[in-house]
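Encoded as structure tokens, the structure appears first; notes follow it.
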Amino acid sequence: MEDESYISKFDYSLSYGLDTSIPMVTVSPHFTAQEYHDAKVLPFSEKDGFGEPSAVAAFISNCQDSRSWFGWFNEATGAEKRLAMMKELAKHIPVHSYGSCMNNRHEPKLSDIRATNKQMILRRYKFYLSFENKIVDDYVSEKVFDGLLGGTLPVYRGAESVDKFMPSRTTPAVVKISDFGDDMKALSEYLLKLANDEQEYNKFFQWKTEESSDRFQSMLDMSAYKFTSLCRICQKVFEDQMNLMIR
Numbered sequence: 008m009e010d011e012s013y014i015s016k017f018d019y020s021l022s023y024g025l026d027t028s029i030p031m032v033t034v035s036p037h038f039t040a041q042e043y044h045d046a047k048v049l050p051f052s053e054k055d056g057f058g059e060p061s062a063v064a065a066f067i068s069n070c071q072d073s074r075s076w077f078g079w080f081n082e083a084t085g086a087e088k089r090l091a092m093m094k095e096l097a098k099h100i101p102v103h104s105y106g107s108c109m110n111n112r113h114e115p116k117l118s119d120i121r122a123t124n125k126q127m128i129l130r131r132y133k134f135y136l137s138f139e140n141k142i143v144d145d146y147v148s149e150k151v152f153d154g155l156l157g158g159t160l161p162v163y164r165g166a167e168s169v170d171k172f173m174p175s176r177t178t179p180a181v182v183k184i185s186d187f188g189d190d191m192k193a194l195s196e197y198l199l200k201l202a203n204d205e206q207e208y209n210k211f212f213q214w215k216t217e218e219s220s221d222r223f224q225s226m227l228d229m230s231a232y233k234f235t236s237l238c239r240i241c242q243k244v245f246e247d248q249m250n251l252m253i254r
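FYI, in the numbering used here the residues of the sequence shown are 8 to 254.
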């Protein structure tokens with residue numbers, strides 16, 4: 008899709024890439040930017056990890072790389088590598104896995120609503136593993152946003168451009184694994200340091216004290232689940248035609 012001679016044959020492009028004509032972000036359409044800012048965050052001392060204050064929460068259920076009906080390897084996924092990194096991290100810091108991958112915790116029922124139940128569990132943790140299946144620029148799924156809504160600190164592995172999707176351009180909201188060269192031991196040492204330093208840990212939540220930005224809301228409005236792709240295409244065509252008429 009980067010071949011200009013190929014792309015030039017089309018009027019529009021639609022994908023998760025922010026540089027496409029019609030970006031479609033894989034984030035829930037059910038929350039506004041203000042709701043992210045207002046989402047409850049427990050005090051540092053109450054983030055007890057259900058008995059292990061330094062524990063990292065994980066909800067990962069895709070453990071294997073997918074294969075087609077013909078048995079060919081699908082290079083668009085990296086679930087097996089993600090699981091391997093998760094296991095390596097668990098050697099150095101407690102990982103509470105509520106998903107089917109490396110499951111070692113039963114999910115307590117704190118709410119009848121599945122999404123709310125997950126958020127209530129995440130609030131009790133200081134950290135949350137937000138690992139994408141594949142590292143592709145601008146591919147940022149719901150995983151990191153679940154962490155922000157859950158009032159925990161996402162530990163993110165995925166698109167280097169993730170900062171473009173965050174509520175603030177100036178205040179960090181995630182710990183990026185790439186900053187540690189995918190070294191799980193170095194990452195665990197940093198997380199353990201944060202788990203014992205309330206002041207440093209809380210710096211990752213300073214964005215919640217800032218005014219909700221139009222930029223972040225505009226990004227949320229690009230949700231692939233808010234309108235169908237056909238609706239977005241129609242909207243783009245209409246807007247372009249109106250711009251031509253104004254000129």
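Idealized CB from N, CA, C, for every residue including glycine.
Predicted, not measured: the structure shown is a model, and the values here were computed from it.
Asked: Can you list, in chain order, the residues of its chain with a C-beta nearer than 7 Å to that of K243? Leave out the 5 residues immediately preceding and following it.; Found: Y19, S28, I29
Asked: Mark R130 as exposed unless 16 or more other C-beta atoms lie within 10 angstroms of its C-beta, in which case mark it buried.; Found: buried
Asked: Looking only at its own chain, which residues have a Cβ that is under 7 Å from the Cβ of D145, when we skip the five neighbours before and after it?; Found: Y23, G24, L25, A166, S168
Asked: For chain C, check one thing: does any of its Cβ atoms lie closer than 9 Å to the Cβ of L194?; Found: Of the protein chains in the structure, only one exists, and it is not chain C.
Asked: Does the Cβ of D247 have 16 or more other Cβ atoms within 10 Å, making it buried, or fewer, making it exposed?; Found: exposed
Asked: Note the first and the last residue of the continuous alpha helix (DSSP H) segment covering Y197.; Found: 191-202
Asked: Under 8 Å: do the region 149-159 and the region 84-99 share three or more Cβ pairs, one atom per stretch?; Found: no
Asked: Just to confirm my understanding: we take S219, look at its own chain, exclude 5 residues before and 5 after, and list those with CB closer than 7 Å. What are they?; Found: A40, Q41, H44
Asked: Spatial neighbours of H103 within its chain, please: C-beta separation below 6 Å, excluding the five flanking residues on both sides.; Found: A62, A64, R112
Asked: Figure out for me which residue from T33, L21, M229, R176 has the closest Cα to the Cα of Q213.; Found: R176
Asked: Sort P36, I253, C70 by Cα distance to N110 and report the nearest one.; Found: C70
Asked: Assuming V181 contacts M191 under a Cβ cut-off of 8 Å, what Cβ separation, rounded to an integer in Å, is found between them?; Found: So it is not a contact: roughly 17 Å between Cβ atoms.
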